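Numbering (the numbering used here), first residue to last: 831 to 1100. The C-beta atom is built at its ideal place from N, Cα and C for all residues, glycine as well. Small disclaimer: the values here were computed from a predicted structure and weren't measured. Okay, structure first, notes after.
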């Protein structure tokens, strides 16, 4: 090779390698649902204050772009906890969470990308043990399930936000009790339901008896008022009116005026 071309070849090789390095390390695409953090190898390390949005970014080849998924993510977790009386209970949770976007730099520096295993799951388990330990198996199985879920969610959310993670929801999917305990609780609930139905029937019958008593008193009072308001003169007058109407009837053959015991006319019909 002619020595004149050696420097040119070296420069071309350097440019080619530089292009390869530049294209591989400086063009970064952040996809929808992702955010980026810039690590400046020679310029102060991790930039915690600036979070890179989705899109195309150009960085120096010696720097690194750390990409985080900031979409809502779901994780299912099963655990055994103890009730207030020491009974072992299996609980199945569904956890929806995501990192707090504005705090990504602090999350990465203090916890790292494995924040689910390091923070979310341990805190959910700890909160579940504390809350469920306050309740009896019967309350867990029937009456207090919604309250328990809300308590665990509120307590866990308060802790996770201090660790730069947002808890979107925590749902209790199932609570598994030992079969004997479950059957005993179901029998008790059935008996309570029957007792409530019996109490309802008693109250209903009592109200019906009261209604009939009030109705009877009303009828009795009405009869008393009517009886006191009817005089002999009124009865005679009504009798005369009835006699006049009968006399006009085509079916009346004879009317005799006179001597009934109450002074009313006597009517004879064929």
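Host beta strand (DSSP E) of residue i (start-end)
{"i": "residue 885", "result": "885-888"}
{"i": "residue 864", "result": "864-870"}
{"i": "residue 904", "result": "903-912"}
{"i": "residue 859", "result": "857-860"}
{"i": "residue 898", "result": "894-899"}
Burial state of residue i, where buried means 16 or more other Cβ atoms lie within 10 Å
{"i": "residue 983", "result": "buried"}
{"i": "residue 1048", "result": "exposed"}
{"i": "residue 986", "result": "buried"}
{"i": "residue 1139", "result": "Lying outside 831 to 1100, the shown extent of the chain, residue 1139 is not represented and no answer is given."}
{"i": "residue 990", "result": "buried"}
{"i": "residue 845", "result": "exposed"}
Neighbourhood of residue i by C-beta distance below 7 Å, restricted to the same chain and skipping five residues each side
{"i": "residue 959", "result": "911"}
{"i": "residue 869", "result": "875, 876, 893, 894, 896"}
Same chain, Cβ closer than 6 Å to residue i, five either side skipped, listed in chain order
{"i": "residue 906", "result": "924"}
{"i": "residue 904", "result": "926"}
{"i": "residue 908", "result": "922"}
Residue interval of the alpha helix (DSSP H) (run including residue i)
{"i": "residue 924", "result": "Careful: residue 924 lies outside any alpha helix (DSSP H), inside the beta strand (DSSP E) at 918-929."}
Own chain, CB closer than 8 Å to residue i, minus 5 neighbours either side, in chain order
{"i": "residue 915", "result": "966, 967"}
{"i": "residue 939", "result": "876, 878"}
{"i": "residue 941", "result": "948, 949, 993, 994"}
{"i": "residue 998", "result": "902, 926, 927, 928"}
{"i": "residue 889", "result": "855, 856, 858, 868, 895"}
{"i": "residue 885", "result": "859, 860"}
{"i": "residue 863", "result": "884, 899, 900, 901"}
{"i": "residue 919", "result": "910, 911, 912, 913, 962, 967, 970, 1005, 1006, 1007"}
(message) Pairs of beta-carbons, one from the region 917-936 and one from the region 866-882, closer than 8 Å: are there three or more?
(response) yes
(request) Only counting runs of 3 or more residues, tell me where the beta strand (DSSP E) segments fall wholly within the region 931-1018, in order along the chain. (result) Fully enclosed beta strand (DSSP E) runs of 3 or longer: 995-1006.
(request) Mind the definition here: the region 1031-1044 touches the region 947-954 only if three or more C-beta pairs lie below 8 Å; say whether that holds. (result) no
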